[in-house]
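Novice: Chains as they are written, first to last, in this note's numbering: chain Y, 1 to 138; chain Z, 1001 to 1138.
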DNA sequence: ATTGCTGCAAACTCTTTGCAAGTTC
DNA sequence: GAACTTGCAAAGAGTTTGCAGCAAT
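Below, the structure is given as structure tokens:
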């Protein structure tokens, strides 16, 4: 539950923070701040832009969410779930998660054996660029 | 040579464009626009900020360079060389190229066999986040 | 001569900041 | 009541745009 999530990270429980978490749970497509604000304002019309940005920053700091960025556009945010990669279409600017444990295993083993000089790996993330071939636009 | 590169892409050869290309050749660390401008102004003090941005956009369009973006900061640019991945340190914000043909081969084979439903892959790129363990700060 | 490019400055977008007033624990 | 959080509005950074004049072909 969201209240416990906040408590766990030593954050005070406020309607604004709950609203941002709620938005993150409901907006699945790596929303940008603007979408999050728009979503929240439906039920909570007076929330300030600055508050949402501050809240998102706080959550990023506490690793409740992560930032995502493509080569083209503004900041987006990603609720933390399992370790996943991104499928990205340049044309539509759509981003989808891609989870593949088999791939993670291969990559982990590969780098454990090989290593990289002067670099200690903490996270391996793929960005697969290309085109979505389904018709349902998200 | 830079002049031929421009000609090949149907772009007029101008001192400003040559200067941007020269900067890209000399600045190896995925420079941001600001650094590029600063570099160029050493020899070419009157170049306009807007011109550099326009030139970079033109080059991105013609695929002479690419955009790179981390989760934190501004746009950076990357001279096109061979297919490479990125090592990225969150602390220092440093980015290095990582070239690994063996890895590319493994990834290509993996995805040729496996495929992704509703997605046609055009490019596979890794971002390896972690820490640089050498002392020479770039 | 034609087309394309540059410089300039103003405008724009997204994000951050400062602070007084209000909430949460 | 102490510490933190919010709303607001203004400022900031980075980037884009419009256009008159200039340069390249």
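Every residue gets a Cβ at the ideal spot worked out from N, C-alpha and C, and that includes glycine.
For residue 159 of chain Y, which beta-bridge partners are listed by DSSP?
Specialist: Nothing about residue 159 of chain Y can be reported from this structure: the residues present for chain Y run from 1 to 138 only.
Novice: Does residue 56 of chain Y come within less than 7 Å of chain Z when only Cβ atoms are used?
Specialist: Residue 56 of chain Y does not count as touching chain Z.
Novice: Under DSSP, the alpha helix (DSSP H) around residue 1005 of chain Z begins and ends at which residues?
Specialist: Taken as a continuous stretch (DSSP letters only), the alpha helix (DSSP H) holding residue 1005 of chain Z covers 1002-1008.
Novice: To the nearest angstrom, how far is the alpha carbon of residue 1077 of chain Z from that of residue 1056 of chain Z?
Specialist: Spanning the two alpha carbons is a distance of roughly 8 Å.
Novice: In three-state DSSP terms, what is residue 1122 of chain Z?
Specialist: Reduced to three states, the DSSP call for residue 1122 of chain Z is strand.
Novice: Given a limit of 9 Å on CB to CB distance, which residues of the region 1106-1129 of chain Z reach chain Y?
Specialist: Per Cβ criterion, the list reads 1106, 1107, 1110, 1111, 1114, 1116, 1117, 1118, 1119, 1120, 1121, 1122, 1123, 1124, 1125, 1126, 1127, 1128, 1129.
Novice: Under three-state DSSP, which class holds residue 79 of chain Y?
Specialist: Residue 79 of chain Y: strand per DSSP, three-state reduction.
Novice: Give me whichever residues DSSP pairs with residue 1013 of chain Z in a beta bridge.
Specialist: For residue 1013 of chain Z, which the question treats as bridged, DSSP gives no partner whatsoever.
Novice: Would you list, in chain order, the members of the region 1087-1106 of chain Z that have their beta-carbon closer than 9 Å to a beta-carbon of chain Y?
Specialist: Residues passing the 9 Å Cβ filter: 1087, 1089, 1090, 1096, 1098, 1100, 1102, 1103, 1106.
Novice: Answer with yes or no whether the minimum CB distance from residue 134 of chain Y to chain Z is below 7 Å.
Specialist: Closer than 7 Å to some Cβ of chain Z, the Cβ of residue 134 of chain Y qualifies, so yes.
Novice: Are the region 94-114 of chain Y and the region 1088-1098 of chain Z touching by the rule of at least three beta carbon pairs closer than 8 Å?
Specialist: The region 94-114 of chain Y vs the region 1088-1098 of chain Z: no contact.
Novice: Ordered along the chain, which non-local residues of its own chain (more than five positions away) have a Cβ less than 6 Å from that of residue 1019 of chain Z?
Specialist: The residues are 1040, 1044.
Novice: Could you please give me the residues that DSSP links to residue 1020 of chain Z through a beta bridge?
Specialist: Partner(s): none; residue 1020 of chain Z has no beta bridge.
Novice: For residue 11 of chain Y, collect the residues of the same chain with a Cβ closer than 8 Å to its Cβ; drop the 5 residues on either side in sequence, then sort them by chain order.
Specialist: Correct list, in chain order: 17, 58, 62.
Novice: If we cut at 7 Å on Cβ distances, does residue 69 of chain Y have a partner in chain Z?
Specialist: Chain Z, which has a Cβ nearer than 7 Å to the Cβ of residue 69 of chain Y, makes this yes.
Novice: Can the beta-carbon of residue 1119 of chain Z be found less than 7 Å from the beta-carbon of residue 130 of chain Y?
Specialist: Yes. Within cutoff.
Novice: Should residue 1024 of chain Z be labelled buried (16 or more other beta-carbon atoms within 10 Å of its own) or exposed?
Specialist: When all chains shown are included, residue 1024 of chain Z counts as buried.
Novice: Can you give me the start and stop residues for the alpha helix (DSSP H) that residue 1052 of chain Z sits inside?
Specialist: Residues 1049-1061.
Novice: Using C-beta distances below 6 Å, list every residue in its chain close to residue 1007 of chain Z, excluding the 5 sequence neighbours before and after it, in chain order.
Specialist: Nothing meets the Cβ criterion.
Novice: Taking all protein chains shown into account, do 16 or more other C-beta atoms lie within 10 angstroms of the C-beta of residue 31 of chain Y, making it buried, or fewer, making it exposed?
Specialist: Buried, by the Cβ-count rule.
Novice: Kindly say whether residue 62 of chain Y, judged by its beta-carbon, lies nearer than 7 Å to any beta-carbon of chain Z.
Specialist: No, its Cβ sits nowhere closer than 7 Å to a Cβ of chain Z.
Novice: Under a three-way DSSP split, which group does residue 1128 of chain Z fall into?
Specialist: Three-state result, residue 1128 of chain Z: strand.
Novice: Whole-angstrom Cβ separation of residue 1087 of chain Z and residue 1128 of chain Z, contact assumed at under 8 Å?
Specialist: Contact flag correct, Cβ pair sits at about 5 Å.
Novice: Measuring only the C-alpha atoms, how far is residue 137 of chain Y from residue 1054 of chain Z?
Specialist: Bear in mind that a pLDDT of 47 at residue 137 of chain Y, under 50, signals an unreliable position, so the model cannot answer this.
Novice: The alpha helix (DSSP H) with residue 36 of chain Y in it runs from where to where?
Specialist: Segment 33-43, the alpha helix (DSSP H) holding residue 36 of chain Y.
Novice: Taking the alpha-carbon of residue 1034 of chain Z as reference, which of Z/1102, Z/1015, Z/1075 has the nearest alpha-carbon?
Specialist: That would be Z/1075, whose Cα lies nearest to the Cα of residue 1034 of chain Z.
Novice: Check whether the Cβ atoms of residue 52 of chain Y and residue 37 of chain Y lie closer than 7 Å to each other.
Specialist: For residue 52 of chain Y and residue 37 of chain Y, yes; Cβs fall inside 7 Å.
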